[in-house]
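Notes to accompany the following structure.
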Amino acid sequence: MSTPVDPNSEKHHRTEPAIDGSPPVTAVSARRLARRRRGEALRRFARDYARNRAGIFGLASLLTIGLLALTAPLFIDQAHLTITGAPGESYQPPSWQYPLGTDNFGRSVLDLVIWGARVSLTVGLLATFVSVTLGTLVGVTAGHFGSSGGLGGRIVSTVLMRITDWFLVLPTLVLAVALAAVLPRGTGTIIIAIGLTVWPPTARLVRAQTLAVEARPYVERARALGGGHAHVMGWHVLPNVMPVVLAQTTLLVATSIIAESTLAFLGMGDPTTISWGGILEAARTAGAISAGIWWYMIPPGLAIAVVALSFTLCGRAVESVINPRLRGQS
Numbered sequence: 001m002s003t004p005v006d007p008n009s010e011k012h013h014r015t016e017p018a019i020d021g022s023p024p025v026t027a028v029s030a031r032r033l034a035r036r037r038r039g040e041a042l043r044r045f046a047r048d049y050a051r052n053r054a055g056i057f058g059l060a061s062l063l064t065i066g067l068l069a070l071t072a073p074l075f076i077d078q079a080h081l082t083i084t085g086a087p088g089e090s091y092q093p094p095s096w097q098y099p100l101g102t103d104n105f106g107r108s109v110l111d112l113v114i115w116g117a118r119v120s121l122t123v124g125l126l127a128t129f130v131s132v133t134l135g136t137l138v139g140v141t142a143g144h145f146g147s148s149g150g151l152g153g154r155i156v157s158t159v160l161m162r163i164t165d166w167f168l169v170l171p172t173l174v175l176a177v178a179l180a181a182v183l184p185r186g187t188g189t190i191i192i193a194i195g196l197t198v199w200p201p202t203a204r205l206v207r208a209q210t211l212a213v214e215a216r217p218y219v220e221r222a223r224a225l226g227g228g229h230a231h232v233m234g235w236h237v238l239p240n241v242m243p244v245v246l247a248q249t250t251l252l253v254a255t256s257i258i259a260e261s262t263l264a265f266l267g268m269g270d271p272t273t274i275s276w277g278g279i280l281e282a283a284r285t286a287g288a289i290s291a292g293i294w295w296y297m298i299p300p301g302l303a304i305a306v307v308a309l310s311f312t313l314c315g316r317a318v319e320s321v322i323n324p325r326l327r328g329q330s
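Sequential numbering of the sequence shown, starting at 1, is according to UniProt numbering.
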């Protein structure tokens with residue numbers, strides 16, 4: 001007597017005709033089906049994102065600036081960026097030879113801005129990575145143990161959130177300046193100072209999303225079948241909060257770049273590296289503001305504004321694609 005076959009069982013296989021006329025083949029495995037679904041989700045995400053004109057503009061701007069930053073060593077002589085190797089005269093106005101003029105040492109401001117994008121973008125991306133990683137870890141841990149960890153878990157969740165609230169009430173810029181002043185001066189210090197100060201909003205956002213995910217039936221089933229804390233957080237909670245983390249990441253990059261420029265403008269950055277904030281700080285120190293040398297101050301400021309706006313537009317576009325409530329509003 002044959003046993004009935006459950007059509008929803010993973011062991012059940014159905015046949016599909018091949019496109020090229022060859023004999024039918026067995027249906028795809030569970031892993032291949034999962035990869036197919038992920039591919040369809042990515043294509044659907046790209047299609048929905050492409051409908052957002054502001055997001056496309058922001059992405060195109062970022063790709064252009066990123067390409068210029070990556071290829072800068074191919075068309076910029078690093079010797080011309082040094083004080084002793086500058087080929088031009090000081091404070092030359094914009095011309096065909098120097099489209100954005102020269103600084104007080106005779107260096108091309110256009111070359112400085114393009115080269116400074118390398119440091120500013122690197123610091124912004126790495127600081128965002130530190131911030132998002134820390135915020136996601138704290139948010140997922142606090143949300144998970146706060147909802148299913150018993151008395152001890154609730155204590156852990158409360159302690160983590162009180163630490164988060166403490167960082168929230170502190171002025172971010174003041175705390176970053178204090179950290180940059182205490183630690184050795186350098187690009188790594190700027191990354192750590194920014195990453196350790198802008199993570200609390202991510203932690204609170206991820207915690208709220210974690211609490212929503214923890215209340216879903218499949219998480220309760222996984223917990224009832226013996227899934228531990230690491231299994232639930234790693235296999236069920238984290239994949240479902242990643243869309244929110246992605247949207248938050250695109251928004252935090254702009255904040256990190258502005259913070260890096262601010263710290264460099266205040267003299268907390270590495271004086272041996274060229275960044276947009278460092279260019280502004282050098283222009284202020286050289287007296288370009290009082291002398292009316294506008295071509296020394298405006299280009300790096302516009303670069304900061306364009307990159308920050310582009311990341312913000314990309315973040316809003318990603319958020320509108322992920323959140324169905326926001327679709328059609330951008």
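No residue lacks a Cβ here, since even glycine has one placed at the ideal position from N, Cα and C.
Let me check understanding here. Comparing Cα to Cα, which of the options lies closest to residue i?
i    : options                   : result
C314 : R32, R53 and L42          : R53
R204 : Y218, E220, A142 and L151 : A142
V306 : Y49, A254, R47 and R207   : A254
F129 : S256, A282, L263 and T164 : S256
P300 : V213, I274 and G269       : I274
I114 : A41, G39 and L70          : L70
T164 : A224, G234, T187 and L134 : L134
A215 : H236, T197, G226 and P201 : H236
V177 : N240, T158, R162 and V198 : V198
G85  : D103, S131 and P239       : D103
P239 : V123, T136, P93 and S120  : T136
I65  : G116, P99 and L33         : G116
G234 : T210, A224 and L225       : T210
G101 : V156, R47, R38 and W295   : W295
T172 : R47, E260 and L62         : E260
I279 : A46, F105 and G39         : F105
R118 : A34, T187, L170 and G153  : T187
T158 : V123, L170 and H144       : H144
G88  : A72, V109 and L68         : V109
I298 : P243, P94, V206 and L263  : P94
V232 : S147, T262 and Q97        : S147
T262 : A230, V213, R37 and V123  : V123
Buried or exposed: residue i, going by 16 or more other Cβ atoms within 10 Å of its Cβ?
i           : result
L160        : buried
R43         : exposed
L74         : exposed
D111        : buried
R107        : buried
residue 381 : Outside the modelled stretch of the chain, which goes from 1 to 330, sits residue 381, for which no answer is possible.
E220        : exposed
G228        : exposed
A208        : exposed
A127        : buried
P200        : buried
S310        : buried
Y218        : exposed
I304        : buried
E16         : Low per-residue confidence applies at E16: pLDDT is 47, beneath 50, and the placement is therefore not dependable enough to give any value.
S290        : exposed
L179        : buried
V182        : exposed
V174        : exposed
N323        : exposed
A46         : exposed
S120        : buried
W276        : buried
I293        : buried
I155        : exposed
T202        : buried
L62         : buried
S131        : buried
T272        : exposed
Per the DSSP calculation, residue i is bridged to which residue(s)?
i    : result
S108 : T102
Please confirm if residue i has its CB atom under 8 angstroms from at least one CB of chain B.
i    : result
A142 : The structure shown has no chain B; it contains just one protein chain.
- What residue ranges within the segment 150 to 194 form continuous alpha helix (DSSP H) runs of no fewer than 4 residues, ordered along the chain? 150 to 169 and 172 to 182
- Taking one C-beta from the segment 240 to 255 and one from the segment 317 to 324 each time, how about it: are there three or more such pairs within less than 8 angstroms? Yes: at least three Cβ pairs fall under 8 angstroms.
- Touch test, the segment 260 to 279 against the segment 173 to 193, Cβ-Cβ under 8 angstroms, three pairs minimum: yes
- Task: For the segment 57 to 68 and the segment 77 to 87, state whether three or more C-beta atom pairs, one from each stretch, are separated by less than 8 angstroms.
- Result: Under the 8 angstroms Cβ criterion, the segment 57 to 68 does not count as touching the segment 77 to 87, having fewer than three qualifying pairs.
- Message: In chain order, what are the residue ranges of uninterrupted alpha helix (DSSP H) at least 4 long that sit wholly in the segment 187 to 240?
- Response: 187 to 195, 200 to 214, 217 to 224 and 229 to 232
- Item | Complete runs of the alpha helix (DSSP H) confined to the segment 63 to 138 [at least 4 residues] | 72 to 75
- Message: To test your reading of the DSSP string, which unbroken alpha helix (DSSP H) runs of 4 or more residues are found completely within the segment 258 to 329?
- Response: 276 to 285, 288 to 291 and 294 to 322
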